[in-house]
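Shown next, in structure tokens, is the structure this report addresses.
Numbering (the UniProt record's numbering), first residue to last: 1 to 517.
Encoded structure:
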């Protein structure tokens, strides 16, 4: 009866944690404006849905298409494209949390540790933020956790079926994003969990079987990856990857730059978006468990830090998204702190957990209701709220254009946007995908005069509009002198005083919606 009650309590707590995680990820899902990469991914998915021959469209920019393939399915269930894309990350975030529970239990054989791990991940701002974005990183993180789960099982129990499942997970990761190569390279780390036998012959046979399992994993994973060769731009995967990383020779040519800066940023992201207590709890878990669970701690440290260290050295561009897929392993390390101590130390750790939940909840509520007030790291705040990559006002402009079309369906509408790819025009196109009578065209990045294409559209009798951020407008006279009437404008989040963008473009960016008169 006692065990039965304990099992019921575990099930009840698990359900509560899952509901909390779902609520934090799914509530008010579109409060943050569409981000540049979100607009691109969603637009690709819409085009791929409409034209089957373009199912490998993301390869044209060196990106893998699995995230967009799955998103197409959600378009059938959710009408709002941004909500559909972001809800996919909500689901993959829950998949990551499920994997964290399983991997924690496999490593420490502790239901208690699994519950703490799920709770930490459920409320952590780092996880909540990226599990609410229509970006591929949440899906990559999910596949990574399950790769290690199935690989670990295949090594411990020499199971072919587990190796096959690990292979399918690796294939999913490789079809999601290029950093999946880290999972592939780290698979051999699981060798530390192989069962040791005094019989050398049995040990040799077991080692051969484990190595054979790895071959199965890599074989299935890369067979799935090679599906991409069916697309016309497979070669661009490697070409675009090289645009983002330094050559291997950078290691001895200039080791410290940008390694020191990037690694410092990674620790900053894990600290500030980890509610300040994730890394201290992980450190306690390492110190407290390294004797009893030496292999498990070593395994988590390697798969957590190795991708960060390598990317810090070789990545040309480095943001919080690039370390997000390592987050589950720091969460598991943090949860292990609660299984090693007892007595007063356990009470102190529980107090720390309560403080962590409080800090995380405070942060999460800002993300859900007022993202501008959330203490996001500089790179994230700039990209998601302040600069041209933030799609503030795009949804409102799309709604206005839709109403104008409904009011005069016989009148053709042409909208010129800054840029050719990204937040604009893709951010506007995703909302007006179903209205062919509205034509959206990119007109350039630095706009100093009305583009000829828009002038011609106006002369042809079309209702003609222009949307652009103030940072992309180089007009030296009043807007009205160019024949532009401001329909609406949308202020973005304030820039910090003294930064380059503040000096060059002012205290904030403004998204303008004009009509040509």
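Note that CB positions come from ideal geometry on N, CA and C, so glycine has one too.
Asked, Found
"Opposing strand residues paired with residue 512 [DSSP bridges]", "468, 489"
"Pair within 9 Å by beta-carbon distance, residue 467 and residue 424", "yes"
"Beta-carbon proximity check, residue 465 vs residue 517, cutoff 9 Å", "no"
"Spatially closest choice to residue 231 from 476, 488, 61, 12, by CA coordinates", "61"
"Contact under 9 Å by Cβ, residue 284 with residue 349", "yes"
"Classification of residue 130 by the beta-carbon crowding that lies within 10 angstroms, buried from 16 upward", "buried"
"Cβ-based neighbour list, residue 144, same chain, cut-off 7 Å, excluding 5 preceding and 5 following", "173, 183, 325"
"Between the CA atoms of residue 341 and residue 293 - distance to the nearest angstrom", "14 Å"
"CB contact flag (residue 430, residue 46, <9 Å)", "yes"
"CB of residue 528 within 9 Å of CB of residue 108, strictly", "The question about residue 528 has no answer, for the chain in this structure spans 1 to 517."
"Through-space distance from residue 112 to residue 2, alpha-carbon basis", "Its pLDDT being 47, under 50, residue 2 is placed unreliably in this model, and the value from its coordinates should be taken loosely. Distance between the alpha carbons of residue 2 and residue 112 is about 16 Å."
"The stretch 306-315 / the stretch 74-92 touching (three or more Cβ pairs under 8 Å)", "no"
"Beta carbon of residue 35 nearer than 9 Å to that of residue 133", "yes"
"Residue from 489, 96, 13, 188 with nearest C-alpha to residue 400", "489"
"For residue 390, the residue or residues it bridges with in DSSP", "35"
"7 Å Cβ shell around residue 92 - same chain, five flanking residues per side excluded", "138, 139, 142"
"Per-residue DSSP class, three states only, for residue 47", "helix"
"9 Å Cβ cutoff met for residue 434 and residue 43", "no"
"Whole-angstrom distance between residue 382 and residue 11, CA atom to CA atom", "41 Å"
"Pair within 9 Å by beta-carbon distance, residue 518 and residue 386", "What the structure shows of the chain is the stretch from 1 to 517, and residue 518 is not part of that stretch, so it cannot be assessed."
"Candidates 81, 227, 393, of which the one nearest residue 542 by Cα", "Look at the range of the chain in this structure, 1 to 517, and you will see that residue 542 is not part of it."
"Under 9 Å between C-beta atoms of residue 224 and residue 170", "yes"
"Three or more C-beta pairs below 8 Å linking the stretch 362-369 and the stretch 256-263", "no"
"Per-residue burial, residue 418 [other beta carbons within 10 Å of its own, 16 or more giving buried]", "buried"
"Beta-carbon gap between residue 100 and residue 297 smaller than 9 Å", "no"
"Reduced DSSP secondary structure (H/G/I, E/B, other) of residue 417", "strand"
"Residue from 119, 57, 105, 74 with nearest C-alpha to residue 22", "119"
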